[in-house]
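Residue numbers are given in the working numbering: position 130 of the sequence shown equals residue 562, and the series is strictly consecutive.
Here a beta-carbon is modelled for each residue, glycine too, at the ideal position from N, C-alpha and C.
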Amino acid sequence: YWGYFYKHLDYNPPIRVAEWFDKSPLFAELFQGFFDDELWSLSWTFEKFEKKIPLYYGGKKVPPDAVAFVLGAGPSLDYAFEKIREYQDRAVIFSCGSTIGALAREGIVPDFHVEIERTKYTYDTLAEVDRSFLKRTVLIANNPLWTDCFKLFKKGYMFLKLNDTGAILLEPTGAPIIWHTGPTVTAAGVALAAEFGFKEIYLFGVDLGSKDPKKHHSEKSNYYDPDSMLSKIKVDLDIPLPGNFGGQVYANRWFMQTKYAIEMTIKKKGVKVYNTSDGVKIEGAVPLPIEFFRLESSTNKLEAIKAIESCFDTRYVKMVNPKQVLDKLSSDFYALSHKIKEYPSRFDLSSYTGIAHSLSTLVGDLVSFKNPLLYNLLYHNTHDWSLVAMGHVLSLESPESRREFMLFFYDLYHRFLKEANKEVKRLTERFGRL
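This is the structure in structure tokens:
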């Protein structure tokens with residue numbers, strides 16, 4: 433979606449609207465999806481072709497009485513280990529992100545470990561965990577995950593991430609995009625459990641904040657290991673929210689977004705979620721004090737795991753021709769850059785209306801290629817830069833200064849497209865023979 437907000441005068445209504453947009457997790461732009469991010473995603477997704485990582489296509493659901501445990505690394509995980517250990521043979525356990533370090537210290541092996549980040553930082557933090565422990569579990573990650581992460585585990589699977597260029601590449605093969613899987617990994621854990629067909633999900637350590645802002649994660653996690661990279665991260669919790677068991681819990685924007693994502697999964701999937709965590713209240717999840725937790729049913733856990741793993745395969749490798757895709761993408765980059773080069777002669781860049789027309793045409797030209805890869809690689813850059821350009825132009829009084837600036841703007845955009853196309857051609861050189 434495209435939109436602009438200009439604050440012309442400092443008076444109450446627009447200020448309050450701006451503050452509302454800024455504070456609402458629904459409108460926080462945590463994932464800008466700029467060109468470099470999306471190019472990484474496309475590249476890392478092509479790497480999965482080389483490794484033949486099985487992709488989620490859906491299919492058989494888990495048995496109706498199957499139970500899932502979704503584990504986060506919040507402070508309340510520390511008092512849940514005993515219960516998790518007691519019932520680990522009766523529930524399918526999903527470990528999320530940094531939770532894996534705490535579980536390794538406790539000797540609790542999850543059935544699946546979930547990751548979602550695309551940078552090498554994820555690999556580096558996973559590499560801090562005992563390798564023999566990781567080799568006992570299975571990785572499920574989104575398509576742009578740093579590819580070397582998969583070799584740390586017994587085996588690995590991937591799913592498609594929403595609003596991601598690599599996912600757009602593979603979606604036409606019939607793979608569904610999984611919604612509400614971020615911004616933190618516990619959202620992905622809940623979304624995957626619901627997608628696999630679990631009707632009953634229990635949350636442990638999914639605090640999404642803390643009553644004591646200084647204790648933001650489990651004491652068994654690597655956040656409190658001075659030798660870990662995670663210990664160098666500063667976690668600020670400054671947003672007060674209602675607690676799962678009452679009182680006030682402090683969170684941040686990332687945790688607010690995750691809370692919203694989990695709430696949307698619960699609402700859309702109609703799953704029963706029980707929250708044992710002494711953290712933020714998640715609407716739709718039933719608060720369940722850990723001392724009252726027990727499982728009545730005795731499900732066939734192995735049957736549930738078998739059903740999940742049957743939903744992944746590598747059909748996409750034969751269905752997508754990387755060279756053909758990348759050649760088309762490069763050709764469209766070239767054609768778009770040629771169009772941009774003609775803008776100074778097509779539009780009156782000295783007038784406000786001419787400039788506004790040129791910027792709206794820029795969006796139209798981007799869409800006109802009907803190439804979703806091109807669009808997803810460029811739309812955030814195009815949106816943000818055109819917003820900055822229009823904002824600056826409105827401060828220029830003379831037609832000459834406006835034209836001079838817009839000539840600079842379109843020349844810069846044209847040069848950006850040429851450099852971006854070079855990056856696409858490098859991908860062709862690397863993956864064109866797959």
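Alpha carbon of residue i to alpha carbon of residue j, nearest angstrom
i    : j    : result
E861 : A626 : 40 Å
K755 : H545 : 33 Å
D580 : S473 : 14 Å
E549 : W686 : 14 Å
L662 : L558 : 10 Å
V712 : R726 : 22 Å
S783 : G504 : 55 Å
L844 : S762 : 19 Å
V718 : K583 : 37 Å
L462 : A683 : With a pLDDT of only 46 at L462, under 50, the local geometry of the prediction cannot be trusted, and no value is derived from it.
G490 : M751 : 17 Å
W434 : E518 : Unreliable placement is indicated for W434, whose pLDDT of 46 sits below 50; the coordinate value is still reported in the next sentence. About 51 Å.
V681 : A573 : 29 Å
Y511 : G621 : 20 Å
L798 : T597 : 15 Å
Y555 : F481 : 19 Å
L859 : N853 : 10 Å
G629 : K691 : 21 Å
P721 : S709 : 8 Å
G588 : K643 : 36 Å
L828 : E836 : 10 Å
A619 : H824 : 39 Å
V499 : M822 : 53 Å
T731 : A523 : 7 Å
T551 : P831 : 45 Å
Assumed close pair residue i, residue j - CB separation to whole angstroms, cut-off 8 Å
i    : j    : result
R834 : I772 : 18 Å between Cβ atoms; not a contact.
Y775 : S790 : 6 Å
L640 : F526 : Not quite, the Cβ-Cβ distance comes to about 16 Å (not below 8 Å), so this is no contact.
L487 : D745 : 7 Å
N575 : T477 : 5 Å
V494 : C528 : The pair is not a contact, with the Cβ atoms about 18 Å apart (cut-off 8 Å).
F467 : N813 : 5 Å
F591 : I516 : The pair is not a contact, with the Cβ atoms about 24 Å apart (cut-off 8 Å).
E560 : S660 : 5 Å
V617 : N707 : Incorrect: roughly 17 Å between the Cβ atoms, too far for contact.
Reduced DSSP category for residue i - H, G, I as helix; E, B as strand; rest coil
i    : result
C528 : strand
S830 : coil
G678 : strand
E632 : strand
V703 : coil
E741 : helix
F591 : strand
V873 : Residue 873 lies beyond the range of the chain shown here (433 to 866); nothing can be said about it.
Y489 : coil
V825 : helix
A573 : strand
F544 : strand
V799 : helix
D819 : One detail in the question is off: residue 819 reads as Leu in this sequence, not Asp. Three-state result, L819: helix.
V667 : coil
A505 : coil
S709 : coil
L805 : helix
V561 : coil
A852 : helix
L791 : helix
L462 : Because the pLDDT at L462 is just 46, under 50, the model does not fix this residue reliably, and the value given afterwards should be weighed accordingly. Note: L462 maps to coil in three-state DSSP.
P776 : helix
S653 : coil
A717 : strand
L673 : strand
S782 : coil
Cβ-based burial, residue i [other Cβ within 10 Å; buried from 16]
i    : result
P542 : buried
D670 : exposed
H648 : buried
T569 : buried
E651 : exposed
Y553 : exposed
V820 : exposed
F765 : buried
H612 : buried
Q689 : buried
F724 : exposed
S818 : buried
N753 : exposed
E851 : exposed
F840 : exposed
Cutoff 8 Å: residue i Cβ touching any chain C Cβ
i    : result
F585 : In the displayed structure, chain C is absent; only one protein chain is listed.
Any alpha helix (DSSP H) of 4 or more consecutive residues that is wholly inside the segment 593–631:
597–602, 617–627
Counting only runs that start and end within the segment 744–770, where is the beta strand (DSSP E) found for 3 or more residues in a row?
Taken in chain order, the whole beta strand (DSSP E) runs of length 3 or more contained in the segment 744–770 number zero.
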